[in-house]
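Enquirer: All letters in the sequence shown, in the order written, are residues 42 to 305 by our numbering.
The C-beta atom is built at its ideal place from N, Cα and C for all residues, glycine as well.
Below is a structure I'd like to ask you about.
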Amino acid sequence: MIRLALSPCPNDTFAFYGLLHGKTSFTETIDVQYADIEALNGICLNDAADICKISFGLYPRIYDRYQLLEGGSALGFGCGPLIVAREPDLEPTGARIAVPGANTTAKLLLDLYTQRDYQPVERVFDQIMPACEAGEVDAGLIIHESRFTYQTHGLHKRVDLGEWWERVTGHPIPLGGIVAHQRVDADTLSRFDAALRESIDYAWRHQDEVVPFMRRHAQEMERSVMEQHVALYVNDFTRALGQTGRDAVANLVLRARELDPAAD
42 MIRLALSPCP NDTFAFYGLL HGKTSFTETI DVQYADIEAL NGICLNDAAD ICKISFGLYP
102 RIYDRYQLLE GGSALGFGCG PLIVAREPDL EPTGARIAVP GANTTAKLLL DLYTQRDYQP
162 VERVFDQIMP ACEAGEVDAG LIIHESRFTY QTHGLHKRVD LGEWWERVTG HPIPLGGIVA
222 HQRVDADTLS RFDAALRESI DYAWRHQDEV VPFMRRHAQE MERSVMEQHV ALYVNDFTRA
282 LGQTGRDAVA NLVLRARELD PAAD
């Protein structure tokens, strides 16, 4: 049995639908649990799943015992986290900024952008915009579908950290990936990775079939928002990370180490 941990976000449920519903060549039993991305990072740190979705921001801390799969990653251009605020002219440096977890890629990018010259306030990702609206923080670092809805909350985009990353590195932004613990044998891992690519292909061919499953896990999100989410985060890198994707991840790891050499 494979213990799998995923986020309930549409890109994950879309990509894994076929694998979880017997539509691929993978026949082993899969025990799946769903959790917020920061909770998934904790699951990974505690070695509590065989295969797990993580933030690439965590990868520098766990790569010695986890292998990055070729399939399932969220990378791309124009898909990074946003700094948003009620005040249209707010400067992020020195500000109190709500972040979606200490180990998220979003927070690592914010650390790199500001050189940690800000005050982080941790919130679950879907509570960040309400915290901004309520004046509990000066700004929020938003991820997932929030980037499509922040304007309806009266918030203004201050910085697109994805655009910043692309400008300074030339790489796609590495947000999250699928990793397997070293206890998973090589044959099982190879077959799982291949089946994940089959699952992604299946989802693209049967989108109407997949929508109810995505909606059930995405808190009844509107279909149009789910489709925007999938279109942004499920791309060629999701099907196959490739050398370009791996180079982007390696660059993020390098910059994280330069920011915090003591973590090595």
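Okay, do the region 206 to 217 and the region 132 to 139 touch, 3+ Cβ pairs below 8 Å being the bar?
Expert: No: the two stretches stay apart, fewer than three of their Cβ pairs being nearer than 8 Å.
Enquirer: For ALA56, which residues from the same chain have a beta carbon less than 8 Å from its beta carbon, with the 5 sequence-adjacent residues on both sides left out?
Expert: Closer than 8 Å at Cβ, skipping near neighbours: GLY112, GLY113, LEU237, SER240, ILE241, ALA244, VAL275, THR279.
Enquirer: Quick check: ALA126 and ALA180, are their CB atoms within less than 8 Å of each other?
Expert: Their beta carbons are under 8 Å apart, which means ALA126 touches ALA180 by this criterion.
Enquirer: Return the residue from the list GLY283, PRO302, LEU300, LEU295 that minimises the CA-CA distance to GLY117.
Expert: It is GLY283 whose Cα lies nearest to the Cα of GLY117.
Enquirer: Tell me whether LEU45 sits in a helix, a strand or coil according to DSSP, three-state version.
Expert: Strand.
Enquirer: On the three-state DSSP scale, how would you describe HIS258?
Expert: Three-state result, HIS258: helix.
Enquirer: Which whole-angstrom value is the C-beta distance of LEU60 and VAL220, which I expect to be below 8 Å?
Expert: Incorrect: roughly 16 Å between the Cβ atoms, too far for contact.
Enquirer: Can you have a look at THR134 and say buried or exposed, based on whether 16 or more other CB atoms are within 10 angstroms of its CB?
Expert: Classification for THR134: exposed.
Enquirer: Please confirm whether VAL225 and TYR100 have their CB atoms less than 8 Å apart.
Expert: Going by C-beta atoms, VAL225 is not nearer than 8 Å to TYR100.
Enquirer: Does GLN248 come out as helix, strand or coil in the three-state DSSP assignment?
Expert: Looking at GLN248 - three-state DSSP - the assignment turns out to be helix.
Enquirer: Tell me which residue opens and which closes the alpha helix (DSSP H) that TYR154 is part of.
Expert: It spans 146 to 155 - the alpha helix (DSSP H) in which TYR154 sits, taken as one unbroken run.
Enquirer: Between the C-alpha atoms of ALA259 and PRO51, what's the straight-line distance to the nearest angstrom?
Expert: Cα-Cα distance, rounded: 7 Å.
Enquirer: Quick check on the DSSP output: the alpha helix (DSSP H) that includes LEU273 runs from which residue to which?
Expert: Segment 264 to 274, the alpha helix (DSSP H) holding LEU273.
Enquirer: Alpha helix (DSSP H) containing ASP288: first to last residue?
Expert: Per DSSP, ASP288 belongs to the alpha helix (DSSP H) from 283 to 300.
Enquirer: Shortest alpha-carbon distance to PHE189 belongs to which of LEU273, SER48, ILE78, GLY286?
Expert: Looking at the Cα atoms, LEU273 is the closest of the given residues.
Enquirer: Leaving out five residues on either side along the sequence, give the residues of the same chain with a beta carbon under 8 Å from the beta carbon of ARG157.
Expert: Closer than 8 Å at Cβ, skipping near neighbours: LEU300.
Enquirer: Taking the straight line between their C-alpha atoms, what separation do you get for MET262 and ARG256?
Expert: Near 6 Å, if we compare the C-alpha coordinates of ARG256 and MET262.
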